[in-house]
Amino acid sequence: MEKRWKCEEDILCGVNEAKDAGNLTDLEKKHIPVIQCPEEVKKNEPFNINIEVGRLTPHPNEASHFIEWLEIYSGDTFLGRMSFSGGASYPKATFKVKLSHAHGPIKVWEKCNLHGLWESTKMIKVE
Ligand SMILES: [Fe+2]
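As numbered in the numbering used here, the sequence shown has no gaps in its residue numbers, which increase by one up to the final residue, 131.
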């Protein structure tokens with residue numbers, strides 16, 4: 005695992021991710037973005053990436069507790085961002101993208117207004 009600059013016990017410091025993917029906590033299930041996309045894509049051909057937060061366990065969606073936004077990256081290259089309104093819109097998005105190459109996995113960051121920043125990744129091969 006890459007080095008993380010965060011305080012282990014402070015979820016508002018740095019980026020949170022699943023500590024044990026095979027045994028997620030309730031907090032992790034509510035906040036880990038679920039990424040659905042092909043494992044392999046053709047260079048410069050558009051494809052869809054579906055993202056959903058709360059797919060494993062529903063996350064509250066109220067004005068006082070909600071997912072504010074999510075961002076999608078290819079490795080560390082920014083691809084897109086979507087913002088949500090607590091109580092009205094749901095943290096679910098489809099991005100249509102094309103990649104000429106990849107230096108790493110598809111990476112998603114999501115921001116909960118109470119529980120900070122969360123990440124998940126999915127490997128993708130570009131040929
Ligand atoms: Fe939360």
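Cβ coordinates follow ideal geometry from the N, Cα and C atoms, glycine included.
Quick one: does the C-beta of His119 sit closer than 7 Å to a heavy atom of ligand 1?
-> yes
Please go through the region 29-69 and give each complete alpha helix (DSSP H) segment of 4 or more residues, from N-terminal end onward.
-> 30-35
Should Lys100 be counted as a contact of ligand 1 given a C-beta to heavy atom distance under 7 Å?
-> no
Report yes if the C-beta distance between Thr125 and Ile110 is below 8 Å; otherwise report no.
-> yes
Pro95 and Leu74: beta carbons closer than 8 Å?
-> yes
Count the other CB atoms within 10 Å of the CB of Phe88; is the residue buried (16 or more) or exposed (fewer)?
-> buried
Residues in its own chain within less than 7 Å of Thr29 by CB, not counting five upstream and five downstream?
-> none
Collapsed DSSP secondary structure at Asn20 in the structure displayed | strand
Pairwise C-alpha distance: Gly84 and Cys41 | 15 Å
Tell me whether the beta-carbon of Ile71 lies closer than 8 Å to the beta-carbon of Cys116.
-> yes
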